[in-house]
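Working notes for the structure below.
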Amino acid sequence: MSFDPLRGTNEELRDKFWDKYSEKFISIARAPSSQSLLKGNVRLCNEFLKPPHKTGRILKLDLWDEAHHTATLSHIYQNYDEVHAIDISPDVVKKAMYRLKQSGIEVNGVVGDMRKMPYPDNYFDFNFSMGTIEHIPEPIDAMREIYRVLKPGGKAVVGVPNKYEWFGKSIALNIMAYFGIKEDGKEHSFGWKQLRRDLEGCGFKVIREDGPYFMPWFIRATDWFFAQNMPWASTLLLPVIAFCDYLSRSSFLLRHSGLLAAVVEKPMLDRSMATDLATKFGTPLFVTDKSVILKNVEKFRSGFSNYKGGFTLCYSTKTNSQLSILKTMKDSGVVAEVCSFLDMSSALQAGFTGDQMIYEGLTKTNEELTLAVKSKVKIINIESFDEAVRLEKIVKDQNHKIDVGLRLAFPSKTGIKSLLGVTYDRFGNSVKMGEAMRVAEFIIHSEYLNLIGLHCHTGSNQMNTVKYLKGVELVVDFMKLLRDKYNVKISIINMGGGVGIPEIVFYTMFDLGKNFIKNMLGKPIVYRFNESFDFASLAQNIVKKLHDTLDMHGLTYPHLMMEPGRFLVGNSTDLILKVLNTKRTDVADWIIVDGGTNLLPVLTLFSEYHRIEMCTNNTEFKKTSIGGPLLYSADIVASNRLMPKASIGDLMIVRAVGAYCAVQSNQFLYPRAATIMVDGDKSHVIQRRETVDDVLQRDMK
487 MSFDPLRGTN EELRDKFWDK YSEKFISIAR APSSQSLLKG NVRLCNEFLK PPHKTGRILK
547 LDLWDEAHHT ATLSHIYQNY DEVHAIDISP DVVKKAMYRL KQSGIEVNGV VGDMRKMPYP
607 DNYFDFNFSM GTIEHIPEPI DAMREIYRVL KPGGKAVVGV PNKYEWFGKS IALNIMAYFG
667 IKEDGKEHSF GWKQLRRDLE GCGFKVIRED GPYFMPWFIR ATDWFFAQNM PWASTLLLPV
727 IAFCDYLSRS SFLLRHSGLL AAVVEKPMLD RSMATDLATK FGTPLFVTDK SVILKNVEKF
787 RSGFSNYKGG FTLCYSTKTN SQLSILKTMK DSGVVAEVCS FLDMSSALQA GFTGDQMIYE
847 GLTKTNEELT LAVKSKVKII NIESFDEAVR LEKIVKDQNH KIDVGLRLAF PSKTGIKSLL
907 GVTYDRFGNS VKMGEAMRVA EFIIHSEYLN LIGLHCHTGS NQMNTVKYLK GVELVVDFMK
967 LLRDKYNVKI SIINMGGGVG IPEIVFYTMF DLGKNFIKNM LGKPIVYRFN ESFDFASLAQ
1027 NIVKKLHDTL DMHGLTYPHL MMEPGRFLVG NSTDLILKVL NTKRTDVADW IIVDGGTNLL
1087 PVLTLFSEYH RIEMCTNNTE FKKTSIGGPL LYSADIVASN RLMPKASIGD LMIVRAVGAY
1147 CAVQSNQFLY PRAATIMVDG DKSHVIQRRE TVDDVLQRDM K
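Going by this note's numbering, the first residue of the sequence shown is number 487, and it counts up by one from there.
Here it is as structure tokens:
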């Protein structure tokens, strides 16, 4: 019986096999098609594996490229304090270490099996594995090891052969068979769905699906044959390979290329931490990571930093008004955007002063307006003519003048919500109907109100600039009208919030129809999240539109404000639930957990689709629905998801629930959950678990 180089325990025979395999690889390493692959690897690394500063550790899972030619990732390695690598072949490690040292790159290379790597948990910031996992008999074991050694928040690039490659058979069954290692050398190929399912089953969040290059297999096979037998002939293929490099700019073709590459991230709340926190604090449990909030704040500020009029970041406190989150925002220099008496009181209690708040709201009562005036809030955005009249009287009674803004109406006529009558039409003052000018004229002629700002909120969970750009036109046109007619200079414009996050999918009418058909066919519901969402580009497009439109009308640059909520806190919080029961009904398999729409009202109110992860190593997946504990037919967390088989007591994590969940939780049948905040290696309760006494204390016999 021949020796199995992957499952065998004889290290001497194993090492000889891989050393010999390495020698076969040398001749093709310098082939033009191989160089194209390396260029694709570099592209992925340049985009995802550059640390913000030189303090991280990177792990390369194999050293074949480094052993057989100059390391194309050397400039990536130089960005890290520590570079580690592991390979099963002693000869490869020896050659790679020599070449890297000649290039002046220090790498800690070891001989070892990537299924049992000699590294501690949570050790690396980035891992890179391209064309490696397919050699492992149990690739899931290798993926779990990559997950184990990655730090929370760390990223990895995982590349594998594409089972459904266009223009021919997969690399795994053809190219490697050419080298006489049909079974021993490469055992697995993957499709996108399988790769995503396996990675997510290990706990990863898939943030990008790509391919490093596009090149039909027969071109690679020909090129590699020439490289082995007639090196001079490889030059004949250079024009063809150059054309393939050009085609590799197409993301569609990359997804049907010879290699699949998934960029994954280990969540800040990983499975081990979730288990520890659930044991310590119980379930259901909201877990908020402070570092994620701070990162989001910096990201948003950075996006608008080149606006010439100056930028102030505000936080829509209604998104999550827990005092610890408000204090985190205040300490970060973020202004509070409040919209009710409770909102304003919470902000004041968190330490915000009046000049650190702006006040908005659909129906501002006299009590709320009085508190805003006494607190000396930075600006009050007027919602209606009646509100302006009442505010003037309140200010007049206090005998001083205040700064105000005017909210302009921005009708929303798209999406499923508008079909159900849920639009933004009731907010703001209509320019088209003349209401905005009516209110503006009242303010302009008032002795107690000073019009300095315009406000326009264009929608929610926006992943492109279409509505924002229309909003900019609306605001700037009205700004010009005020200047031309009344010589009024607007010094502040507020473009609202509504920037989305890629961790959430909002159902559309098309989605509902597609889901209905899938349910009829008995297929699970799977969504690809918008991993390609580029916030930096969105911000720059808004800034450019502002500059261009203001310049066109000859207006000076006003100060810009924006007031995101979901973008700043949405992905900062996860919900840990516990499986209470599993059952099979006439139409579905069910997992019943200890929290449902009482804690996640957004699932029904906003039609949101969130990532859901089981904390289990079970690799048996099946179509499953997830229900909450309420005696209420609509208490459904998810329908017809492809989930690993669950057992009673298993933990489940619902991802990215930081927006409109804890604050909209209710006490229907169960008290509300606790919330903890993770700050580095410490965690503490920021909102205690509600008790039955808390729920009943307002009742009177």
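Idealized CB from N, CA, C, for every residue including glycine.
Note that this is a predicted model, so its numbers are computed, not measured.
- Message: Here's the rule: buried if 16 or more other CB atoms are within 10 angstroms of the residue's CB, otherwise exposed. What is His886?
- Response: exposed
- Message: Is there a C-beta anywhere in chain C that falls below 8 Å from the one on Lys580?
- Response: In summary, chain C is missing from the structure at hand, where a single protein chain is found.
- Task: Specify, as a first and last residue, the run of the alpha helix (DSSP H) that Gly768 falls within.
- Result: Segment: none, Gly768 is in no alpha helix (DSSP H) and carries neither H nor E.
- Item | Among Tyr954, Glu927, Ser675 and Val991, nearest to Tyr972 - alpha-carbon criterion | Glu927
- Item | Contact under 8 Å by Cβ, Gly689 with Tyr633 | yes
- In its own chain, which residues sit with a C-beta less than 6 Å from the C-beta of Val569, not counting the 5 before and 5 after it? Ile544, Tyr563 and Val593
- How big is the Cα-Cα spacing for Ala747 and Phe612? 15 Å
- Task: Could you check what DSSP says for Asn867 in three-state terms: helix, strand or coil?
- Result: strand
- Query: Can you pull the DSSP bridge partners for Ile938?
  - Reply: The partner list for Ile938 (beta bridge, DSSP) is empty, contrary to what the question assumes.
- Between Thr761 and the rest of its own chain, which residues show a CB-CB distance below 8 Å, the 5 nearest in sequence each way excluded? Cys1101 and Leu1137
- Message: Is the beta carbon of Leu755 closer than 8 Å to that of Ala1160?
- Response: no
- For the beta strand (DSSP E) containing Met1129, list its first residue and its last residue. Ile1122 to Pro1130
- Task: Using a threshold of 8 Å, state whether the C-beta atoms of Gly645 and Lys752 are closer than that.
- Result: no
- Within 10 angstroms of its Cβ, does Met1006 collect 16 or more other Cβ (buried), or is it exposed? exposed
- Message: Considering only their Cβ atoms, is the gap separating Ile929 from Ala874 smaller than 8 Å?
- Response: yes
- Item | For Lys1168, the first and last residue of its enclosing alpha helix (DSSP H) | It is not in any alpha helix (DSSP H) - Lys1168 instead sits in the beta strand (DSSP E) that spans Lys1168 to Gln1173.
- Message: Could you compute how far the alpha carbon of Glu869 sits from the alpha carbon of Met1163?
- Response: 35 Å
- Message: Out of Asp1180, His1039, Tyr954 and Asp883, which one is the CA nearest neighbour of Phe1021?
- Response: Tyr954
- Alpha carbon to alpha carbon, what distance is there between Ser826 and Gly847? 6 Å
- Inter-residue spacing [alpha-carbon to alpha-carbon] between Arg694 and Asn648: 16 Å
- Task: Select from Lys1064, Ala764, Glu853 and Val863 the residue whose C-alpha is nearest the C-alpha of Leu834.
- Result: Val863
- Message: Using 8 Å as the threshold, is the C-beta distance between Tyr793 and Leu1046 below it?
- Response: yes
- Task: Flag this pair as yes or no: are the beta carbons of Ile1134 and Ala764 separated by less than 8 Å?
- Result: no
- In the DSSP assignment, find the unbroken beta strand (DSSP E) run with Thr944 in it and report its ends. Counting along the chain, Thr944 falls outside any beta strand (DSSP E), and DSSP gives it neither H nor E.
- Query: Out of curiosity, what's the CA-to-CA distance linking Glu552 and Arg585?
  - Reply: 7 Å
- Item | Alpha-carbon spacing of Met965 relative to Asn806, whole angstroms | 32 Å
- Message: Please report the straight-line C-alpha distance between Ala1142 and Thr1110, rounded to a whole angstrom.
- Response: 21 Å
- Query: Is Val749 closer than 8 Å to Val917 when the C-beta atoms are compared?
  - Reply: no
- Taking Asp795 as the reference, give the member of Thr1042, Asp1179 and Lys1168 with the closest Cα. Before going on, a small fix: residue 795 reads as Gly here, not Asp. Nearest option by C-alpha distance: Thr1042.
- Query: Would the region 808-820 and the region 1062-1079 be scored as touching if the rule is three or more Cβ pairs under 8 Å?
  - Reply: no
- Between the Cα of Tyr1118 and those of His1096, Gly1082, Arg683 and Glu686, spot the shortest distance and give me the residue it belongs to. Gly1082
- Is the beta carbon of Ile1194 less than 8 Å from the beta carbon of Asp599? This structure does not reach residue 1194, given that the chain is present from 487 up to 1187, and the question cannot be answered.
- Asn915: which of Leu892, Ser932 and Leu935 sits nearest, CA to CA? Leu892
- Query: Looking at C-alpha atoms only, which residue of Gly920, Asn852, Leu894 and Phe871 is the closest neighbour of Val881?
  - Reply: Asn852
- Message: Cutting at 7 Å between CB atoms, please list the residues of its own chain near Val1055, excluding the five before and the five after it.
- Response: Ile779, Thr805, Asn806, Ile811, Gly1144 and Ala1145
- Can you tell which of His941, Glu959, Leu809 and Met815 has its C-alpha closest to the C-alpha of Leu828? Leu809
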